[in-house]
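In my numbering, the protein residues as written are 20 to 285.
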């Protein structure tokens with residue numbers, strides 16, 4: 020990849036492919052996100068024989084994972100041709116209740132016919148987390164197609180939104196927000212007191228499709244800040260998601276959208 024320096028990040032230009040879908044509740048939002056994932060997987064498999072996705076952690080995606088593991092989506096998605104990665108992970112063992120991998124494994128992956136060798140968890144608990152991040156980046160380069168500028172390219176990335184407007188493990192003010200060279204970084208998050216491993220903005224922005232799933236009144240202020248507030252991606256990290264050539268879709272429930280003046284256009 021031809022990127023100069025690891026800290027100076029040149030932000031991609033805005034694209035006109037940002038969509039907002041507002042639905043009455045989380046159940047309907049999860050159903051909509053599931054449909055998008057199924058369509059994207061079918062498109063990718065038809066085009067090159069497999070689909071690469073990155074899953075999100077947190078409470079909100081659990082409803083989506085339950086949908087994906089149930090009919091009719093369970094049968095519509097070609098699981099044996101899907102390759103699963105994660106957008107971020109906590110520095111805890113995979114059996115820890117806080118693990119993003121464990122949540123996805125219990126809610127989705129153990130309930131669908133996806134081969135184990137196609138599941139690539141982030142080993143953020145390793146003592147040398149930086150080396151583990153480099154190894155995970157190598158996995159991305161091995162298994163994902165490369166964009167014209169060399170960045171690994173996901174078919175779909177699922178993201179959530181924190182009350183502080185973070186996404187993945189990209190937190191306000193964190194140096195990782197300026198990362199321009201590495202697709203995966205592991206770093207100590209001081210206010211959480213633990214290591215987080217995360218995909219970085221450049222690799223997220225090279226995805227063919229980014230889907231945000233956001234629900235709950237507690238997310239309303241953060242969602243407004245991202246979509247309608249002043250542009251300040253260091254303070255509002257989710258504003259840094261601006262796909263180079265892909266699409267970003269915000270699928271949100273009415274409670275999360277309660278402060279928005281922008282109407283649904285999805």
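For every residue, glycine included, the Cβ atom is placed at its ideal position computed from N, Cα and C.
Owing to the predicted nature of the structure, the values given are computational and were not obtained by experimental measurement.
{"Asked": "N-terminal and C-terminal residue of the beta strand (DSSP E) that residue 124 is part of", "Found": "Per DSSP, residue 124 belongs to no beta strand (DSSP E); it is in the alpha helix (DSSP H), 119 to 126."}
{"Asked": "Span of the beta strand (DSSP E), counted from its first residue to its last, around residue 73", "Found": "70 to 74"}
{"Asked": "Where the alpha helix (DSSP H) through residue 55 begins and ends", "Found": "45 to 67"}
{"Asked": "For residue 108, the residue or residues it bridges with in DSSP", "Found": "216"}
{"Asked": "Boundaries of the beta strand (DSSP E) in which residue 228 is found, first to last residue", "Found": "228 to 233"}
{"Asked": "Best match in 92, 39, 75 for proximity to residue 181 [C-alpha to C-alpha]", "Found": "75"}
{"Asked": "Span separating the alpha-carbon of residue 73 from that of residue 280", "Found": "30 Å"}
{"Asked": "Inter-residue spacing [alpha-carbon to alpha-carbon] between residue 202 and residue 273", "Found": "33 Å"}
{"Asked": "Limits of the unbroken beta strand (DSSP E) element including residue 240", "Found": "Unbroken run through residue 240 is the alpha helix (DSSP H), 239 to 246; no beta strand (DSSP E)."}
{"Asked": "Pick from 278, 222, 269, 276 that is closest to residue 51, judged by C-alpha positions", "Found": "269"}
{"Asked": "Exposure of residue 106, with buried meaning 16 or more beta-carbon neighbours within 10 Å", "Found": "buried"}
{"Asked": "Own chain partners of residue 149 with C-beta closer than 7 Å, once the 5 adjacent residues on each side are dropped", "Found": "205"}
{"Asked": "Residue 185 burial status per 10 Å Cβ neighbour count (16 or more: buried)", "Found": "buried"}
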